[in-house]
Structures are given as C-alpha cells and as structure tokens.
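Worksheet: the structure to be examined is printed underneath.
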Amino acid sequence: MSEINGLDINAVKESFQAALKKVTNLEELDDIRVRFTGKKGDLTLLLRSLGKLLPELRKQAGQELNKLRDEIEHTLDITGRKIRESQNEKTEISERIDVTLPEKGRSFGAFHPVIQTMHEIANIMQGLGYSVATGPEQEEEFYNFECLNVPKWHPARDMQDTFYFPDGTLLRTHTSPVQIRSMLKYGAPLRIICPGKVYRRDNDTTHSPMFNQMEGLLIDKDVPFSVMKGTMSEMLNAFFGKSLKYRFRASYFPFTEPSMELDIECVECSGHDEHCRVCHGTGWLEVAGMGMVHPNVIRAGKIDPDEYNGFAFGIGLDRMAMLKYGISDLRLLFDGNVSYFMSGFEGGESRC
Ligand code: PHE
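Under our numbering, the first residue of the sequence shown is numbered 1, with each subsequent residue one higher.
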C-alpha cells in the first residue's frame with residue numbers, strides 16, 4: 001500500500017530523499033526536519049490520517065508509516081552528525097594555532113629612571129669608599145630637625161613643612177637625619193651615603209610631595225673643603241660621563257657651616273641658549289645642597305667636633321634623572337606610561 005487517503009507514502013519518501021541530497025548545512029537540515037516531521041509536516045499529516053482508514057487497512061499502513069518515520073529520523077540524525085563533524089574539521093583547520101611561530105615583540109621591564117640614577121650614583125660613591133646607610137621615612141622630629149641644629153622656633157622649618165602623625169613623628173623632609181643616626185651607630189671616621197624618599201608639603205608642576213634624595217656624609221680628622229669639592233666633581237663627571245663646569249653658590253643650611261649649593265653647567269645648552277627650557281637662560285642648574293658639617297651636628301652625633309670635622313651633601317635624585325635622561329616634566333616620573341621612557345632607554349640613549 002502506498003497511498004493513504006490520497007497521500008502517497010512513496011512520494012513523501014522520495015521527496016524527503018531528494019531534499020536531503022541538497023542539504024549543505026544544519027539550518028537546511030532543520031528546515032527538512034520541520035517540513036517532514038514537524039506539526040504540519042508531510043509525515044505527521046500521514047500519521048494523523050491513519051485514524052480515518054478502514055480498520056483492516058490501518059494496521060499495515062501504520063506499520064509502513066512507522067518504518068518510514070524511523071528511517072527519516074535516523075537519516076536526519078546521521079546527516080546532522082556528518083555535517084557537524086565536517087564543520088568542526090573546517091574550524092579546526094582555519095583556527096589552528098601554530099605553536100612553532102615566534103612570539104610577537106615584547107618589552108622587558110626596566111628600572112625607573114630615578115631608581116636607575118640612584119643605583120648609578122650609589123655605585124660611583126661606593127667606588128669612593130662610601131657605604132650605604134638607611135633610616136626610616138617616618139622619622140622622629142628629634143632626628144629630622146632638633147639634632148640638625150633646627151630647633152622648634154627656627155624659620156628653616158617653614159621651608160620644610162611636612163606631614164605629622166598624631167604621635168609627633170613625621171614624614172622626613174630630607175635624608176639628613178641619617179647623618180645623625182649613622183654617627184650614633186658607627187662613630188668616626190665615617191663615610192656614608194643614604195638614598196631614599198623624602199616628603200614635603202609641596203605640590204605644583206616642579207615640586208612633588210614626595211621626591212628622592214641622596215645624602216652623603218664624610219667625617220674624619222682635618223677634612224679640608226677641597227675634599228668636598230673634589231668628591232662632588234668626581235661624582236658629577238662620572239655620572240654624566242663628561243667633564244661639566246660646576247660652581248658653588250653660597251647658601252644657608254642650619255646644619256652646615258659654611259653652606260652652599262652646587263650648580264652644574266646646563267646639560268641642554270651649556271649656557272648658550274637664552275631661551276633654554278631647562279635652565280631658562282641662566283646656564284646653570286642647581287643639583288645639590290652641601291657644606292661643612294656644623295659642630296653642633298657632630299656633637300649631636302656623639303662625636304667630638306674638636307677632633308673631627310667633615311662635609312655633607314644632599315643631591316636631588318629626581319632632578320639628576322631628569323637632566324641625564326632628558327625628561328622635561330617632573331610629572332612624567334609619576335606617570336604609569338612606560339613607552340615614554342622605553343624609547344629613550346632601550347638603546348641606552350641619554351642626553352649626556
Ligand atoms: N638636607 C638639605 C635639603 O634637603 C640638603 C643638604 C644636605 C644640605 C646636607 C647640606 C648638607 O635641602
């Protein structure tokens with residue numbers, strides 16, 4: 001029997017097979033599934049019309065239809081599986097990862113220019129016989145001011161206003177307290193440097209509330225002024241890699257006497273450009289404060305100032321880094337964008 005109520009079983013079978021041949025993807029296969037086995041599908045309609053058949057025909061027709069339904073469902077499943085497999089194969093090929101390819105360029109981490117500067121100067125000073133000393137950033141007022149000849153009433157405290165904690169300690173305003181700590185710890189003779197962070201209540205385009213200094217202290221017998229001069233010029237020439245002009249300018253620090261500031265010849269224009277953006281036409285750049293250690297300070301370090309004397313200096317490391325590596329804006333030192341520095345650093349280029 002191939003016909004039920006005018007519907008041809010063979011015709012359904014043939015049209016299913018014909019449709020299946022044209023299938024190329026899962027969407028088309030799904031359309032066929034709906035067309036034949038969906039609610040209004042050809043096969044479903046045939047199955048529904050079984051009830052209208054005479055009872056003696058119904059059994060055979062039922063068997064034939066069930067067989068056809070099984071066949072169709074089975075074929076749909078197999079075809080679906082085949083399509084999925086071939087799609088997987090295609091994506092596997094198109095998305096295959098070649099693990100043998102070389103990696104894309106990658107930049108390596110580098111020291112921050114200020115840290116690099118700190119290392120370079122520390123190396124130079126170690127070569128001159130100095131040891132690295134340390135002290136706390138949260139310091140006692142006693143070491144930061146009192147022992148350094150800066151009593152409470154001293155106007156110099158205004159220039160170094162800082163952040164105080166409820167217990168009276170403060171964020172150190174300079175690395176000079178390490179002078180006292182080192183004298184008390186090691187006695188004389190003494191040669192130390194102390195690099196580190198210092199803090200002041202300052203915040204504008206050329207000042208940051210935190211910056212870096214390197215303290216230096218030499219205590220010995222009969223230390224002449226010229227040793228300080230020679231030490232500073234050795235250090236500067238080694239750091240900048242060339243012989244720069246420098247000058248001492250009379251200044252004032254309560255903890256040194258005499259006191260001076262050290263200026264170096266402008267690394268950008270050597271004093272030849274009156275519009276220079278680095279020295280603003282002065283030809284000079286201030287890089288350190290220094291002087292012969294005040295007898296009161298030596299005494300506070302429990303060393304006899306009649307027997308020993310010496311000199312101390314404080315170098316601004318951020319300034320030195322900016323000068324050597326051509327960084328024109330202090331704020332860049334606190335910027336997270338490393339590309340600015342990478343371009344200058346990778347080839348080891350520097351201004352000097
Ligand atoms: N401590 C001074 C400052 O921060 C620098 C300095 C250090 C000056 C040592 C003299 C001697 O400005």
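In this text, a Cβ means the ideal position worked out from N, Cα and C, and glycines have one as well. These numbers were taken from a predicted model, which means no experiment stands behind them.
Cβ-heavy atom distance, His154 to ligand 1, below 8 Å: Result no, Cβ not under 8 Å from ligand 1.
Cα-Cα separation between Gly316 and Phe111, rounded to whole angstroms: 18 Å
Spatial neighbours of Gly216 in its chain, beta-carbon cut-off 6 Å, leaving aside the 5 residues before and after: Only Ile193, Phe313 meet the Cβ criterion.
Contact check, Phe240 vs Glu261, beta carbons under 9 Å: no
Reduced DSSP secondary structure (H/G/I, E/B, other) of Lys242: coil
Heavy atom of ligand 1 within 8 Å of Met290 beta-carbon: yes
Proximity winner among Gly289, Thr75, Glu307, relative to Phe255 (alpha-carbon distances): Of Gly289, Thr75, Glu307, the residue nearest in Cα terms is Gly289.
Proximity winner among Ser182, Arg181, Phe145, relative to Tyr164 (alpha-carbon distances): The closest CA to that of Tyr164, considering only Ser182, Arg181, Phe145, is found on Phe145.
Distance cut-off 8 Å: Glu215 Cβ against heavy atoms of ligand 1: yes
Residue nearest to Leu29 in terms of C-alpha spacing, selected from Lys52, Ile78, Gly271, Met118: Ile78
Residue closest to Ala188, alpha-carbon to alpha-carbon, out of Pro55, Val223, Arg172, Met159: Val223
Heavy atom of ligand 1 within 8 Å of Ala250 beta-carbon: Because no heavy atom of ligand 1 lies under 8 Å away, the Cβ of Ala250 does not count as near it: no.
Three or more C-beta pairs below 8 Å linking the stretch 170-186 and the stretch 136-144: yes
Neighbourhood of Asn309 by C-beta distance below 6 Å, restricted to the same chain and skipping five residues each side: Hits under 6 Å: Val223.
Gly314 CB to nearest heavy atom of ligand 1 below 8 Å: yes
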